[in-house]
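Going by my numbering, the sequence shown opens with residue 11, and the numbers climb by one from there.
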Amino acid sequence: MDIAIDDVNFSYGLPDIGIADIINPKDFRDTTGSCMVMGDTIYPEIAVVNAGRAPLASFEITGKFAVGYDSIVVTETWEAPVINNETQYLMPGDTMMYIFNTGFEVFTTTSFCDFQARIYLEHDCNPDNDKLTIHPCSTTGVDDYVKEGGLVLNQ
């Protein structure tokens, strides 16, 4: 037995993926200040960050577009592209922009709406950064609406 030879195994740390920001939609108003036009289609863009210590090959992301008391939910899967037989992982510390392939059609008009992005990764070590909600529109002229438990609170 040779004690100078060691078996060395390297392993990555725990995975952690999160929503860093919602790039689009930030505001559903058009250039005239009107809130959402019925029939418009919105393709949300989300900044996704690998906050863990493991390269990521895939994740599942859900967008929820709520207008009034109705909502649309879309779930999609991102898989790391393979270029020249090499997987292009989302590496630790990297941020990528994810644009939903499925558009969210504005099906009604109302005085408030929400957009929420939620990301799923098996064995995610920090679920606190997996969800982000924005309240991007108010047609009543009051911009400080907060929706809590189905109630719209304003000043």
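Glycine included, each C-beta is placed from N, C-alpha and C at the ideal position.
Computed from a predicted structure; not experimentally measured.
- Message: According to DSSP, is N34 part of a helix, a strand, or is it coil?
- Response: Taking the first residue of the sequence shown as position 1, residue 34 is located at position 24. Three-state result, N34: strand.
- Residue nearest to L142 in terms of C-alpha spacing, selected from C123, V92, G28 and A61: Reading the sequence shown from its first residue, position 132 is the one you call residue 142. Checked all of C123, V92, G28 and A61; the closest Cα to L142 is G28.
- Query: With a CB to CB cut of under 7 Å and the five nearest residues on each side skipped, what residues in its chain are close to N60?
  - Reply: Reading the sequence shown from its first residue, position 50 is the one you call residue 60. Correct list, in chain order: I27, L66, L100, M101, P102, G103 and D104.
- Query: So what's N94 in DSSP terms, helix, strand or just coil?
  - Reply: Mapped onto the sequence shown, residue 94 falls at position 84. In the structure shown, N94 sits in coil (DSSP, three-state: anything other than H, G, I, E or B).
- Message: Classify G73: buried if its beta carbon has 16 or more other beta carbons within 10 angstroms, exposed otherwise.
- Response: Position 63 of the sequence shown, counting from 1, holds the residue named residue 73. G73 should be labelled buried.
- Query: What are the start and end residues of the beta strand (DSSP E) that includes V84?
  - Reply: Taking the sequence shown and counting its residues from 1, the one referred to as residue 84 is at position 74. Counting along the chain, the beta strand (DSSP E) containing V84 begins and ends at D80 to E89.
- Look at I56 and I33 and say whether their C-beta atoms are less than 8 Å apart. By one-based count along the sequence shown, residue 56 stands at place 46. By one-based count along the sequence shown, residue 33 stands at place 23. Contact flag set, yes.
- Buried or exposed for G49, please, with buried defined as at least 16 other CB atoms from any protein chain shown within 10 angstroms of its CB. As a working mapping, residue 49 is identified with position 39 in the sequence shown. Per the 10 Å Cβ criterion, exposed.
- DSSP state of G160 mapped onto helix, strand, coil: For this step, residue 160 is matched to residue 150 along the sequence shown. With a pLDDT of 46 at G160, under the threshold of 50, the modelled position of that residue is not reliable, and the figure given next carries that caveat. In this structure, G160 counts as coil in the three-state DSSP scheme.
- Query: By DSSP, does N111 sit in helix, in strand, or in coil?
  - Reply: In the sequence shown, counting from the first residue as 1, residue 111 sits at position 101. Of the three classes helix, strand and coil, the one that applies to N111 here is coil, per DSSP.
- Item | Euclidean distance between Cα positions of I109 and D17 | Stepping through the sequence shown from its first residue, residue 109 is reached at position 99. Stepping through the sequence shown from its first residue, residue 17 is reached at position 7. C-alpha separation (whole angstroms): 44 Å.
- Taking the C-alpha atoms as reference points, what is the distance between A64 and M106? Taking the sequence shown and counting its residues from 1, one reaches residue 64 at position 54. Taking the sequence shown and counting its residues from 1, one reaches residue 106 at position 96. Going by the C-alpha atoms only, they are around 15 Å apart.
- Task: Between the Cα of N111 and those of T85, Y130 and F125, spot the shortest distance and give me the residue it belongs to.
- Result: The residue given as residue 111 occupies position 101 in the sequence shown. The shortest Cα separation from N111 among T85, Y130 and F125 belongs to T85.
- Task: Take W88 and list the residues in its own chain whose beta-carbon comes closer than 7 Å to its own, dropping the five residues that flank it on each side.
- Result: For this step, residue 88 is matched to residue 78 along the sequence shown. Excluding sequence neighbours, W88 sits near S68, F69, I71 and Y108.
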